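In my numbering, the protein residues as written are -15 to 624.
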């Protein structure tokens, strides 16, 4: 895992060294720079910050130049099956001077052109400078595990693993993209291909860009699209056959992610996803796997006990740490630096802590992200499925609305407490509010967007300055209109795979792990798994009112079912409690901030109402206040 940066400009400049220093946390072990001039007004600058994982010798140094000196690459990520591809290239006469996947990628491109990417199993973002063709090729992996940003200036074209590296270049203008602000305040992140800045973009997953050094024009191409696999004919096999094939596929994907010349560990929460990764790896190796868990003293947020039971059963080398609110709040000021944009997923804080814990013992950590989107795991999916079924009966639908609208927070908490422990929901009040909003919509798209919103759209329409609330359909959810032929289950999974998973979940894990030079790997996002699961009948994705049915069945071959059958808590933080205590002063300061009020985005009357309620000990929308805190911190950090 590393960091890359580069630019093409009309002048031969000296900014590249400062730009790569800005992302040294991504690659502290080594760095390199390459500069070339195509002509008097076209100058290419490439740089790389290296975290040594494969071939720890100097032979893995980047930028990597081919023997014929016609190709140069800067690369971030891992291609796990590189030895297999290397063997094929050797049979074609290629000779290798290193043991790194970087050299394999470069010669695969030389031999196969952009079709080379079809051979890669892994996570990657890289740029190849093809000197003969006088073009740059920028490529991002299928799922979007690795980030790649670019900025289009009048005299320069810039690209990097993180925006902060781009911002060093004097042509980078920190002009806020106001068109996208309302999306942040609704969902908590900025969706691809947009960023918070004008003229700055994310290269979308499964895409590559060709930049012509002569014309200074670029085009993007979609080389892989998960929608194609959802559109294919469904697998016609028995349940057991599908489970057997899935298990084989999972084992191979997980084993590939253990390929490394440095120590590897696993983030273990005790849930289905991380337990499956841990179980299949531990059962297929003689060595003890390193597993890492963080716990919370608040029982409703704690999963450490579940993780320890799984670790003890499997016999891993397990490390756990119970974190306090202070542990997380001490990291608060780092969020704006490492994430570059306003990013309001509060689970970023515990993710940073577990990454720090793992980094003491390993350089690579496997995370089980993507399991919800690939195997149908989010609670919002189950709620929407139930709503859609009830809607088929007008009487049942009407009764549901009457019942839900008659409940208050106290009654919801009481009813939740009556459920068996394994069925109790964490964050039940917020989930109830979402459910209450969802049942008032008539079509799947509106219900799904409501369920995916951190802050209700109708509330934002009131509190944001007139005209500030934009049509999010044009930003991220437009694909709904192209997939209406799919059933509800597949539509929801597909949309989340392309939106929330990429720009929230994967962004969170990349920044948290890279902040302390830890390589994070995502075994459940092996493209072969989602290609297979996309074709599995939905009846096997959600069966007996259980999500992740197939993953559960695979896991039950390794761990007793009662060990993992529980409600998911996730890395949730007690945000409301913090706002009334440790974060109260910060919240008041942010609501009063001149930076926020002069932005003219949120109506002052609402900012005053929120502040006055907070002073009285009342917090109605904690996540919205959190978003404001993050936004103000971000503006202060980057002098905006």
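The C-beta atom is built at its ideal place from N, Cα and C for all residues, glycine as well. Every value quoted in this text rests on a predicted model; they were computed, and no experiment measured them.
With a threshold of 7 angstroms on Cβ separation, who are the neighbours of residue 324 within its own chain once the five nearest residues in sequence on each side are excluded?
Apart from sequence neighbours up to five positions away, the residues of its chain that approach residue 324 with a beta-carbon distance below 7 angstroms are 146, 147 and 148, ordered along the chain.
Express the C-alpha separation of residue 538 and residue 260 in angstroms, rounding to a whole number.
Roughly 8 angstroms between the two C-alpha positions.
Measuring only the C-alpha atoms, how far is residue 466 from residue 535?
Distance between the alpha carbons of residue 466 and residue 535 is about 28 angstroms.
Hey, how far is the Cα of residue 319 from the Cα of residue 570?
Straight-line Cα distance between these residues: approximately 15 angstroms.
Using 8 angstroms for Cβ pairs, my map puts residue 548 next to residue 254. What's the rounded Cβ distance?
In this structure residue 548 touches residue 254 by the C-beta definition: roughly 7 angstroms separates them, less than 8 angstroms.
If you compare alpha carbons, which of 80, 150, 73 and 60 is closest to residue 112?
Put simply, of 80, 150, 73 and 60 the residue whose alpha carbon is nearest the alpha carbon of residue 112 is 60.
With residue 30 and residue -10 assumed to form a contact (beta carbons below 8 angstroms), what rounded beta-carbon distance in angstroms separates them?
Between residue -10 and residue 30 the Cβ distance is about 4 angstroms, and since that is below 8 angstroms, they are a contact.
What are the boundary residues of the beta strand (DSSP E) that includes residue 336?
The continuous stretches of beta strand (DSSP E) do not include residue 336, which lies in the alpha helix (DSSP H) extending over residues 332 to 343.
Quick one: any contact between the stretch 333 to 349 and the stretch 496 to 503, if contact means 3 or more CB pairs under 8 angstroms?
With a cut-off of 8 angstroms, the stretch 496 to 503 and the stretch 333 to 349 count as touching, because enough Cβ pairs lie within range.
Going by beta carbon distance, what residues of the same chain come within less than 7 angstroms of residue 190, once the five residues before and after it are set aside?
Answer for residue 190: 126, 206, 207, 208 and 209, listed in chain order.
Going by the DSSP bridge assignment, what does residue 16 pair with across the sheet?
Answer is 32.
Which runs of the alpha helix (DSSP H) fall wholly inside the stretch 249 to 279 and span at least 4 residues, in chain order?
Counting whole runs of 4 or more residues, the stretch 249 to 279 contains the alpha helix (DSSP H) stretches 256 to 267.
Between which two residues does the beta strand (DSSP E) holding residue 186 run?
Residues 184 to 186.
Three or more C-beta pairs closer than 8 angstroms, one from the stretch 460 to 475 and one from the stretch 292 to 311: is that the case here?
Contact fails: fewer than three Cβ-Cβ distances are below 8 angstroms.
Between the C-alpha atoms of residue 198 and residue 476, what's the straight-line distance to the nearest angstrom?
Looking at the two C-alpha atoms, the distance is approximately 43 angstroms.
For residue 196, the first and last residue of its enclosing alpha helix (DSSP H)
Segment 191 to 196 is the beta strand (DSSP E) holding residue 196; no alpha helix (DSSP H) there.
Where residue 214 falls: helix, strand or coil (DSSP)
Looking at residue 214 - three-state DSSP - the assignment turns out to be helix.
Using CA atoms only, rank isn't needed, just tell me which of 162, 114 and 36 is closest to residue 57.
When the alpha-carbon of residue 57 is set against those of 162, 114 and 36, the nearest one is in 114.
Which residues does DSSP list as the beta-bridge partners of residue 121?
When DSSP reads this structure, residue 121 sits in a beta bridge with 112 and 194.
Can you tell me whether residue 277 is buried or exposed, with buried defined as 16 or more other CB within 10 angstroms of its CB?
That one is buried.
Using only alpha-carbon positions, find the residue among 192, 82 and 231 that is nearest to residue 540.
Out of 192, 82 and 231, the CA that lies nearest to the CA of residue 540 is found in 231.
Is there contact here, the stretch 294 to 305 with the stretch 266 to 282, by at least three beta-carbon pairs under 8 angstroms?
Between the stretch 294 to 305 and the stretch 266 to 282 there are three or more inter-stretch CB-CB distances shorter than 8 angstroms, so the stretches are counted as touching.
Counting only the same chain and skipping the five closest in sequence on each side, list residues whose C-beta sits under 6 angstroms from that of residue 303.
Result list for residue 303: 276, in chain order.
How would you label residue 268, buried or exposed, when you count the other beta carbons within 10 angstroms and need 16 or more for buried?
The residue is exposed, with fewer than 16 neighbouring Cβ atoms inside 10 Å.
So, for residue 488: in the same chain, excluding its five sequence neighbours on each side, which residues have a beta-carbon less than 6 angstroms away from its beta-carbon?
Around residue 488: 173 and 329.
If you pair each beta-carbon of the stretch 132 to 147 with each one of the stretch -10 to 10, do three or more pairs fall below 8 angstroms?
Here the stretch 132 to 147 makes contact with the stretch -10 to 10; the two share three or more CB pairs at distances below 8 angstroms.
Touch check for the stretch 158 to 167 and the stretch 180 to 196: three-plus C-beta pairs under 8 angstroms?
As far as the Cβ criterion goes, the stretch 158 to 167 touches the stretch 180 to 196, which means the pair count is three or higher.
For residue 241, count neighbouring Cβ atoms within 10 angstroms of its own Cβ and tell me buried if that reaches 16, exposed if not.
It counts as buried.
Using the C-alpha atoms, what's the distance from residue 228 back to residue 473?
C-alpha of residue 473 to C-alpha of residue 228: approximately 23 angstroms in a straight line.
From 215, 123, 85 and 257, residue whose alpha carbon lies closest to that of residue 508:
When the alpha-carbon of residue 508 is set against those of 215, 123, 85 and 257, the nearest one is in 257.
What does a CB cutoff of less than 6 angstroms around residue 584 pick up in its chain, not counting 5 residues either side in sequence?
These residues qualify, in order along the chain: 449.
Can you list, in chain order, the residues of its chain whose CB lies under 6 angstroms from that of residue 364, leaving out five sequence neighbours each side?
Contacts found: 435.
Quick one: grab the DSSP three-state call for residue 176.
Coil.
Rounded straight-line distance, which links the Cα of residue 332 to that of residue 81:
It is roughly 40 angstroms from the alpha-carbon of residue 81 to the alpha-carbon of residue 332.
For residue 143, write down the residues that DSSP places opposite it in a beta bridge.
Per the DSSP secondary-structure output, residue 143 pairs in a beta bridge with -10 and 134.
Closest residue to residue 481 among 105, 102, 517 and 451 (Cα-Cα distance)
Among 105, 102, 517 and 451, the Cα nearest to that of residue 481 is on 517.
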